[in-house]
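First to last, the sequence lines map onto chains A and D.
All residue numbers for the first sequence refer to our numbering, where the first residue is 105 and numbers rise by one.
All residue numbers for the second sequence refer to our numbering, where the first residue is 2 and numbers rise by one.
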Amino acid sequence: MIKIVKRDQPSRAIFFFTPVLAIFLTLVAGGLIFFILGFKPFEALKFFFIVPIADKYGFSELLLKATPLCLIAIGLSFCFKSNNWNIGAEGQLTFGAIVSGGVALLFYEQEGFYILPIVILAGAIGGMLYASIPAILKTYFNTNEILVSLMLVYVSKLILDYLVVGPWSNPEGFNFPETRQFSDSAKLPLLFEGLRIHAGIFLALAAVVISWFVFYKTYLGFQMKVSGFSLKTAKYAGYKGKKMIILVFLISGACAGLAGVGEITGPIGQLHREISPDYGFTAIIVAFLGRLHPVGIIFASLVVAITYLGAETAQIFMQIPKYTGQVFQGMILFFLLASDYLLFFKFKFIGSKK
Amino acid sequence: MHKFFIRSFVSSLVLLFTFTVAAIAKDVKAAFVYIGPTGDHGWTYQHDVGRKAVEAAGFKTTYVEGVPESADAERVLRQLANSGHDVIFTTSFGYMNPTNKVAKEFPNVKFEHATGYKREHPNVSTYAARFYEGRTILGTIAGTMTKSNVIGYVASFPIPEVIRGINSFTLAAQKVNPNIKTKIVWAFTWYDPGKEAEAAKALIDQGADVIAQHTDSTAIVQMAEKAGVYAFGQASDMDKFAPKAVLTSVENNWGPYYVDRVKAVANGTWSQKDTWHGIGDGMVVISDLDSQMPADLRSKVKKLQADLASGKVHSFTGPIYDQKGNLMVAEGKTADDGMLAGMMTYVKGVEGDIPK
């Protein structure tokens with residue numbers, strides 16, 4: 105007989121094991137779905153998870169896709185660890201891209217080594233400014249940051265729409281909703297000839313290292329952890345809650361803004377309406393799948409990135425509908441949340457005593 | 002009933018054609034990149050109908066749907082070019098820069114970009130349809146059928162393509178009914194059923210009793226059906242979604258062009274060109290005319306359709322004035338393609354300003 109028993113303490117081993125379990129269950133369920141749809145499950149999974157990254161180009165695309173996800177998720181982990189629910193990274197990404205794109209357009213047809221750093225900095229500042237809105241409203245007016253940050257996503261997209269349709273649209277572009285192409289000095293350098301992976305990956309790696317240091321080696325990291333466990337305790341310990349809330353939002357916004365910079369000054373090279381396929385929302389899955397741990401987030405961003413690439417390959421070679429990629433992302437999150445049950449409960453096998 | 006016979010006749014012709022072509026078809030593979038799902042019953046759906054015509058002509062095809070115009074488009078294109086496809090159709094404006102970029106790296110693969118203007122490499126062609134010819138027909142019907150003399154128009158983005166449609170529609174409506182006004186609502190989307198329905202409702206509330214649309218979902222005709230006003234289908238025959246409201250639809254018929262171009266690749270006769278086909282070449286098709294329209298209007302529309310096809314009638318024939326009363330096209334002249342391609346002013350009779 106099996107009995108379900110509550111654990112005295114959440115198991116640390118299981119904390120890091122459940123994401124792996126969730127990915128495994130997703131693969132099994134995915135295979136099952138392919139089978140039901142009439143595809144050979146193993147072949148489909150091969151086209152989904154192996155073929156896309158089997159060559160140099162594919163691997164570079166994987167890193168290219170994972171870079172913004174990792175960067176945003178690292179930023180979000182600052183918020184989520186300290187109980188601040190920033191759902192609007194997509195908006196911070198968009199606003200960061202707007203500000204940095206505007207600066208890049210200012211330097212249109214100009215060359216100079218100083219341009220790129222200014223463009224990058226502008227993106228980070230843009231993201232921070234945009235993230236400061238829900239942070240300030242939360243700390244001083246007690247509003248719900250989930251709602252405010254989420255709604256601001258739509259506002260940022262409308263601002264972008266307005267700019268690329270109107271004042272910033274390419275004067276030679278027949279009024280199509282896009283800006284001019286940025287000059288080469290405003291673009292992130294490519295790392296390898298013929299591959300799209302660009303210097304933005306170093307921003308993501310730097311964010312990983314810095315976040316690890318802050319989380320585990322600084323007083324701020326400790327404060328965040330305590331606030332995450334219990335806001336009351338944090339207050340009792342005399343932590344300045346408001347300052348910390350604003351700080352984590354600013355960090356999170358800067359990361360999202362930088363992700364936006366990476367897209368527009370990297371593979372896209374201009375501003376238009378579709379700069380991000382919802383990286384800001386997908387990064388929430390990445391952050392949780394990575395257990396808000398810097399190293400975990402690296403792996404999680406690679407896993408989620410591959411669901412995008414795999415969906416394309418599977419459609420090209422096997423005519424599997426491309427939207428299965430989103431099904432996979434949904435399943436990963438679902439199984440992760442479901443297997444979290446094991447954190448707090450365990451199965452006890454009780455032999456019959458007779 | 003006769004519709005059924007025409008359809009079966011046409012499909013048997015297609016079938017016959019298929020067998021003949023299948024025998025000579027070389028191993029050419031065509032790929033299609035779509036912005037939306039193949040089930041949108043609008044833009045992407047019609048491109049996929051065109052793809053099926055290519056299959057029916059004996060060629061292998063591949064498609065990828067829901068490809069965002071973000072950094073992802075380039076990867077999909079490169080993957081298709083890398084996996085043995087000889088010709089790739091990229092069916093949304095936003096693929097313009099990625100298409101040209103990837104075309105540079107794959108000089109042996111042909112690229113066909115819909116609705117764009119950049120042909121930076123010899124292996125890139127562009128194609129688009131003269132939808133404004135269809136809108137001349139819709140304007141004629143709207144001007145005749147309206148009782149309130151207010152016609153609503155749900156527009157997507159203020160680009161020449163859309164402005165041209167509004168103008169051609171309004172000019173045709175004025176011709177049959179000088180008192181009409183065209184009211185525009187900009188939805189700033191190509192496909193968003195919620196926003197489109199809201200836009201249609203706003204226009205109906207302002208007294209519009211005929212609604213035209215330049216967005217892709219069926220939400221507008223369904224809203225019109227509910228409100229008891231007339232509407233026109235966009236991209237595909239939307240009659241089945243709103244049988245009472247839809248008077249006719251302007252269908253995008255890409256099949257003949259696609260078959261033509263893929264065959265050209267197979268024969269080695271493909272060369273770069275910029276195609277802009279209308280009713281005459283069959284790229285723009287008018288669906289069945291609804292029986293609610295009076296018989297004389299229907300015969301008038303049939304005649305107009307034939308005249309537009311033969312070139313006897315041009316959608317933009319002078320005198321045409323802009324909103325301020327300045328002459329745009331002189332009496333007896335017609336607007337040339339250059340003017341049409343860059344059209345960014347409303348004609349007289351359109352209400353409001355173009356969003357800037």
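Ideal placement from N, C-alpha and C gives every residue a C-beta, glycine not left out.
Just so we're clear, the structure is a prediction, and the values are computed from it rather than from any experiment.
### Task
Note down, in chain order, every chain D residue with its Cβ under 8 Å from the Cβ of P381(A).
Counting from 1 along the first sequence, the entry for residue 381(A) is found at position 277. Result: P69, S71, D73.
### Message
List, from N- to C-terminal side, the beta strand (DSSP E) runs of 3 residues or more that fit wholly inside the region 248-299 of chain D.
### Response
275-278, 285-287
### Task
Find out if the Cβ-Cβ distance for the pair V247(D), V285(D) is shorter than 8 Å.
Here residue 247(D) is taken as the residue at index 246 of the second sequence, counted from 1. Here residue 285(D) is taken as the residue at index 284 of the second sequence, counted from 1. No. Outside cutoff.
### Beta carbon proximity, L440(A) to chain D, threshold 8 Å
Along the first sequence, one-based indexing puts residue 440(A) at 336. No, because no Cβ of chain D sits closer than 8 Å to the Cβ of L440(A).
### Task
Leaving aside the five residues before and after Q207(D) along the sequence, list all residues of the same chain whose C-beta is less than 8 Å from its C-beta, in chain order.
Start at 1 with the first residue of the second sequence, and residue 207(D) comes out as number 206. Once the five neighbours on either side are set aside, the close Cβ partners of Q207(D) are V151, G153, K184.
### Task
Please name the residue, chosen from F128(A), V109(A), F119(A), that lies closest to I436(A) on a Cα-to-Cα basis.
Taking the first residue of the first sequence as position 1, residue 436(A) is located at position 332. Nearest C-alpha to I436(A): F128(A).
### Task
Give the residues from the region 177-206 of chain A that approach chain D closer than 9 Å (Cβ to any Cβ), ordered along the chain.
none
### Task
Could you have a look at G325(A) and say whether DSSP puts it in helix, strand or coil?
Counting from 1 along the first sequence, the entry for residue 325(A) is found at position 221. Three-state result, G325(A): helix.
### Query
Using DSSP with H/G/I as helix, E/B as strand and the rest coil, what is L294(A)?
Residue numbering aside, residue 294(A) sits at position 190 when the first sequence is read from its first letter. Three-state DSSP puts L294(A) in a strand.
### Task
Mind checking who Y64(D) pairs with in its DSSP beta bridge?
Locating residue 64(D) in the second sequence gives position 63, counting from the first residue. Note: Y64(D) sits in a beta bridge opposite F33(D).
### Message
Taking its Cβ as the centre, do 16 or more other Cβ atoms sit within 10 Å of N190(A), making it buried, or is it exposed?
### Response
Your numbering for residue 190(A) matches position 86 in the first sequence. That one is buried.
### Sequence-distant residues of the same chain with beta carbon closer than 7 Å to V207(A), five excluded per side
To locate residue 207(A), count along the first sequence from 1; it is residue 103. Same-chain partners within the cutoff: I222, V223, A226.
### Query
For L328(D), is the classification buried or exposed, using 16 other Cβ atoms within 10 angstroms of its Cβ as the cut-off for buried?
Numbered from its first residue, the second sequence carries residue 328(D) at position 327. By the neighbour-count rule (16 or more Cβ atoms within 10 Å), L328(D) is not buried but exposed.
### Query
Any idea what DSSP makes of V125(D), helix, strand or coil?
In the second sequence, residue 125(D) corresponds to position 124, counting from 1. Here V125(D) sits in strand by DSSP.
### Task
For H86(D), name the three-state secondary structure that DSSP assigns.
Reading the second sequence from its first residue, position 85 is the one you call residue 86(D). Reduced to three states, the DSSP call for H86(D) is coil.
#### Entry: Within-8 Å CB hit, L248(D) to chain A
Within the second sequence, residue 248(D) is the residue found at index 247, counting from 1. With 8 Å as the cut-off, L248(D) does not count as an interface residue toward chain A.
### Task
Taking only beta carbons into account, state which residues of the region 106-122 of chain A come closer than 7 Å to chain D, listed in chain order.
none
### Query
Can you name the start and end residues of the beta strand (DSSP E) that A387(A) belongs to?
As a first step, residue 387(A) must be located in the first sequence, where it is residue number 283. It is not in any beta strand (DSSP E) - A387(A) instead sits in the alpha helix (DSSP H) that spans 383-393.
### Task
Below 7 Å between beta carbons is the criterion; list the residues of the region 274-298 of chain A that meet it against any residue of chain D, in chain order.
F278, N279, F280, P281
### Query
Mind checking whether the beta-carbon of N109(D) lies closer than 7 Å to any heavy atom of the ligand NAP?
Absence of the ligand NAP from the depicted structure is noted, as is the absence of any ligand whatsoever, leaving it without description.
#### Entry: Spatial distance of V88(D) from G43(D) (CA atoms)
Looking up residue 88(D) in the second sequence gives position 87. Looking up residue 43(D) in the second sequence gives position 42. Each residue's alpha carbon lies about 23 Å from the other.
#### Entry: Residue range of the unbroken beta strand (DSSP E) whose run includes W187(D)
As a first step, residue 187(D) must be located in the second sequence, where it is residue number 186. Element bounds for W187(D): 182-187.
#### Entry: Neighbourhood of N188(A) by C-beta distance below 7 Å, restricted to the same chain and skipping five residues each side
Numbered from 1 along the first sequence, position 84 holds the residue referred to as residue 188(A). These residues qualify, in order along the chain: E249, I349, V352, F353.
### Query
What do you reckon, are the CB atoms on F217(A) and F421(A) nearer than 8 Å?
Indexing the first sequence from 1 puts residue 217(A) at position 113. Indexing the first sequence from 1 puts residue 421(A) at position 317. It is not a contact, given that the beta carbons lie outside the stated cut-off.
### Query
Tell me the DSSP bridge mates of E1(D)?
No information on residue 1(D) is available, as it lies outside the stretch 2 to 357 that chain D covers here.
#### Entry: 7 Å Cβ cut-off: residues of chain D touching Y212(A)
Taking the first sequence and counting its residues from 1, the one referred to as residue 212(A) is at position 108. Neighbours of Y212(A) on chain D: none; closest Cβ ~16 Å, over 7 Å.
### Query
Hey, quick one: how far does the beta strand (DSSP E) through G333(D) stretch, first residue to last?
Counting from one through the second sequence, the residue named residue 333(D) turns up at place 332. Run containing G333(D): none; DSSP gives neither H nor E here.
### Query
Whose CA, out of V211(D), A209(D), K334(D), T216(D), lies closest to the CA of E197(D)?
One-based indexing of the second sequence puts residue 197(D) at position 196. With distances taken between Cα atoms, E197(D) lies closest to T216(D).
### Message
Can you list, in chain order, the residues of its chain with a C-beta nearer than 7 Å to that of T243(A)? Leave out the 5 residues immediately preceding and following it.
### Response
Within the first sequence, numbered from 1, the residue matching residue 243(A) stands at position 139. K346, I349, I350.
### Message
Taking only three categories from DSSP, how would you classify T318(D)?
### Response
Within the second sequence, numbered from 1, the residue matching residue 318(D) stands at position 317. Strand, per DSSP.
### Query
Is F158(D) close to chain A, meaning its C-beta is less than 8 Å from at least one C-beta of that chain?
Counting from 1 along the second sequence, the entry for residue 158(D) is found at position 157. True, the Cβ-Cβ gap to chain A drops below 8 Å.
### Query
Cβ of T411(A) less than 8 Å from any chain D Cβ?
Position 307 of the first sequence, counting from 1, holds the residue named residue 411(A). Closer than 8 Å: no.
### Message
Contact criterion: CB-CB distance below 8 Å. Does I63(A) meet it with respect to chain D?
### Response
One cannot answer for residue 63(A) here, as it falls past the ends of chain A, which runs 105 to 458.
### Message
When you compare the CB of V22(D) with every CB in chain A, is at least one pair closer than 8 Å?
### Response
The residue you call residue 22(D) lines up with position 21 of the second sequence. Its pLDDT being 48, under 50, V22(D) is placed unreliably in this model, and the coordinates cannot settle the point.
### Query
What residue from F451(A), T130(A), F286(A) has the CA that sits closest to T428(A)'s CA?
As a working note, residue 428(A) is residue 324 in the first sequence. Ranking the options by Cα distance to T428(A), first place goes to T130(A).
### Task
Using a Cβ cut-off of 8 Å (strictly closer), state whether T428(A) contacts chain D.
Counting from 1 along the first sequence, the entry for residue 428(A) is found at position 324. Cβ-Cβ to chain D under 8 Å: no for T428(A).
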